[in-house]
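This report refers to the structure that appears directly beneath it.
Residue numbers (this note's numbering): 3 to 651.
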């Protein structure tokens, strides 16, 4: 047989020139088939049991259209239901219409119900009380107004009353004040100015003017009414001594951007009645505050913007739980940026991790430290790398809480900076002189990361973005991170988890459910996927099932006491006693803006008994604040039971 001659180089080049376009055409024609096949293979892979046992699994919750809201706040109630608060939902049209939303979701049945929402709780603060009620305070009194939308110069006017003799004076909305420039300014709301107070100093009687603040807007549009310097204003329509005793003072009246204004209303949400119960008002208006549990069960409210959009200058207050009222706390004067992450420690101090949600000085109040609220002393905790990038970072008390370690993860520079960090750091608060030391880096620079403490002593992290509100980052239009990881505090290592399908950034939440799953909600991107048009609030809800839920039958908790005492033991029936090696009390989450100071997991002593286990609760109130917890029993493989709700008193 005569061997076939090899084609010449010229012939081979001609063949390639003809074949390549044909191959490219075939690839283009078949691209949908290739993509479809890849997607089906991916779906097949992530649904294999072996994959789920290693990485876990995500599923989408079917939310009826009428219950889809902008989830700004989420809290797990002691009934097992999830309270999802939108308020106005970062939507000015809703605010102007007085349309405020809250819904309840029952994870056991996937039923949803609407809850009447009396005021705009958007961007308020919340924490759980010892009786299981959720304290919700502050919120939105007024929306921001951008500079481009301001037609009338405006400013905060301080109305003074120097007369002690004629009582308080009321001025209706629209009261005219006249400046030295001949321009008129109208009050935006009714204002009541208290009478002046008489005081005696060194035998002399002195008068201290009463005062109240109110927004004023120039009567005419444009720049002519702008006043850049402090000035005094007369009140139109007054006669006689009133013209001298009553007047206005404003630092400036401009067309600058007007920030969100805080509200002062306060409620306890009753999980049994499923309604908001009004309490006494806060002493200050607060927008973006943190509410933190104190060792005695009362609550401390810190930071926030006041009703005129100004940072509160370290003015904090207490909620007296037994009296359902707020009182000023001038003895606890301390500045923090908004939504500071504060953790109650074993020795009954509050640890400020450095994490916060934005507003505030670039420098003042951002230093991490331990705050002794009995003596108002602050011990700096040094050592944090990238200390200027704690805004929109995540912080979590690592499990078990007895280790007293707090971890900070990611974050960005102040404001809408495009700079972010992958840095993590861990502070051991049990040390005499605690300091941050580096932890393992996140897989990518990350803002808005969600962190959830799981009953197997790992921490689930998910979502976030590298850019501001999921926006541009290093040349890309969108920067949402479709990743999730499990952090092992013992080995201080991240392990990859199954990837979510929904991106989460600003205004997103994640929390642990009683059955061991994790629910993720919300996200408020600044742009759409093109990076040019306004973003749309994410209303889909996605649920993550950790790997432990695919590793066999969960232990089951039977009967036992509903209330347990600190420092005491309690017995619980279980047919799985022989395999139980651990128990955890997990405090339910109340989360917003990446801030969740409630969640913590406490290790319990465990002793097996015939047909059950006996658990021992630690005695320190700083470690185990009074309130409702999820009790999980775990086996030697870290597989947890579904939770039983118990109250620690």
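The beta carbon of each residue, even a glycine, is placed where N, CA and C say it ideally should be.
DSSP state of residue i mapped onto helix, strand, coil
{"i": "residue 247", "result": "helix"}
{"i": "residue 524", "result": "strand"}
{"i": "residue 482", "result": "strand"}
{"i": "residue 578", "result": "coil"}
{"i": "residue 143", "result": "strand"}
{"i": "residue 550", "result": "helix"}
{"i": "residue 124", "result": "coil"}
{"i": "residue 332", "result": "helix"}
{"i": "residue 316", "result": "coil"}
{"i": "residue 237", "result": "strand"}
{"i": "residue 16", "result": "Residue placement at residue 16 is poorly supported in this model, since its pLDDT is 49, which falls under 50; the coordinates still yield a value, given next. DSSP places residue 16 in helix when its eight states are reduced to three."}
{"i": "residue 598", "result": "coil"}
{"i": "residue 341", "result": "coil"}
{"i": "residue 498", "result": "strand"}
{"i": "residue 5", "result": "Since pLDDT at residue 5 reaches only 43, below the 50 mark, its modelled position is unreliable, and the value read off the structure follows with that caveat. Residue 5 falls in the coil class under three-state DSSP."}
{"i": "residue 47", "result": "helix"}
{"i": "residue 560", "result": "coil"}
{"i": "residue 471", "result": "helix"}
{"i": "residue 99", "result": "helix"}
{"i": "residue 213", "result": "strand"}
{"i": "residue 149", "result": "helix"}
{"i": "residue 269", "result": "strand"}
{"i": "residue 434", "result": "coil"}
Rounded C-alpha distance that separates residue i from residue j
{"i": "residue 527", "j": "residue 581", "result": "46 Å"}
{"i": "residue 517", "j": "residue 82", "result": "9 Å"}
{"i": "residue 352", "j": "residue 57", "result": "35 Å"}
{"i": "residue 418", "j": "residue 536", "result": "16 Å"}
{"i": "residue 301", "j": "residue 450", "result": "25 Å"}
{"i": "residue 627", "j": "residue 647", "result": "15 Å"}
{"i": "residue 435", "j": "residue 383", "result": "8 Å"}
{"i": "residue 539", "j": "residue 546", "result": "21 Å"}
{"i": "residue 525", "j": "residue 89", "result": "15 Å"}
{"i": "residue 15", "j": "residue 464", "result": "Any reading at residue 15 is ruled out, since the residue's pLDDT is 48, under 50, leaving its predicted position unreliable."}
{"i": "residue 114", "j": "residue 69", "result": "7 Å"}
{"i": "residue 380", "j": "residue 372", "result": "6 Å"}
{"i": "residue 456", "j": "residue 328", "result": "34 Å"}
{"i": "residue 521", "j": "residue 544", "result": "6 Å"}
{"i": "residue 317", "j": "residue 589", "result": "28 Å"}
{"i": "residue 645", "j": "residue 559", "result": "8 Å"}
{"i": "residue 468", "j": "residue 453", "result": "16 Å"}
{"i": "residue 595", "j": "residue 443", "result": "22 Å"}
{"i": "residue 488", "j": "residue 624", "result": "27 Å"}
{"i": "residue 342", "j": "residue 370", "result": "10 Å"}
{"i": "residue 616", "j": "residue 585", "result": "10 Å"}
Local Cβ density within 10 Å of residue i, reported as buried at 16 or more and exposed below that
{"i": "residue 4", "result": "Low local confidence applies: a pLDDT of 43 at residue 4 is under 50, so the model's placement there is unreliable, with the coordinate-based value given in what follows. So residue 4 ends up on the exposed side."}
{"i": "residue 44", "result": "exposed"}
{"i": "residue 363", "result": "exposed"}
{"i": "residue 73", "result": "buried"}
{"i": "residue 496", "result": "buried"}
{"i": "residue 406", "result": "buried"}
{"i": "residue 548", "result": "buried"}
{"i": "residue 207", "result": "exposed"}
{"i": "residue 378", "result": "exposed"}
{"i": "residue 204", "result": "exposed"}
{"i": "residue 183", "result": "exposed"}
{"i": "residue 556", "result": "buried"}
{"i": "residue 509", "result": "buried"}
{"i": "residue 259", "result": "exposed"}
{"i": "residue 601", "result": "buried"}
{"i": "residue 320", "result": "buried"}
{"i": "residue 46", "result": "exposed"}
Own chain partners of residue i with C-beta closer than 6 Å, once the 5 adjacent residues on each side are dropped
{"i": "residue 94", "result": "145"}
{"i": "residue 6", "result": "For residue 6, the predicted model reports a pLDDT of 45, less than 50, meaning its position is unreliable; a value from the coordinates is still stated below. For residue 6, where only same-chain residues beyond five positions count, there are no Cβ hits under 6 Å."}
{"i": "residue 176", "result": "188"}
Cβ-based neighbour list, residue i, same chain, cut-off 8 Å, excluding 5 preceding and 5 following
{"i": "residue 326", "result": "270, 281, 282"}
{"i": "residue 339", "result": "305, 358, 359, 360, 361, 362, 363, 367, 368, 393"}
Own chain, CB closer than 7 Å to residue i, minus 5 neighbours either side, in chain order
{"i": "residue 116", "result": "105"}
{"i": "residue 441", "result": "409, 426, 427, 428, 494"}
{"i": "residue 164", "result": "198, 209, 211, 247"}
Pairing CB atoms from the region 378-391 with CB atoms from the region 422-430, are three or more of them under 8 Å? Cβ pair count under 8 Å is three or more, so yes.
Taking three-plus beta-carbon pairs below 8 Å as touching, is the region 467-484 in contact with the region 561-569? No, the region 467-484 is not in contact with the region 561-569.
Quick check: the region 105-115 against the region 574-591, are at least 3 beta-carbon pairs closer than 8 Å? The region 105-115 and the region 574-591 do not touch, with fewer than three beta-carbon pairs separated by less than 8 Å.
Is there contact here, the region 237-247 with the region 126-138, by at least three beta-carbon pairs under 8 Å? Judged by Cβ distances under 8 Å, the region 237-247 makes no contact with the region 126-138, as fewer than three pairs qualify.
Please confirm if the region 147-161 is in contact with the region 282-297, defined as three or more CB-CB distances below 8 Å between the two stretches. Touching, no, given that fewer than three Cβ pairs across the two stretches are closer than 8 Å.
Inter-stretch contact (C-beta, 8 Å, three-pair minimum) for the region 133-140 and the region 168-188: Taking 8 Å as the limit for Cβ pairs, the verdict is that the region 168-188 does not touch the region 133-140.
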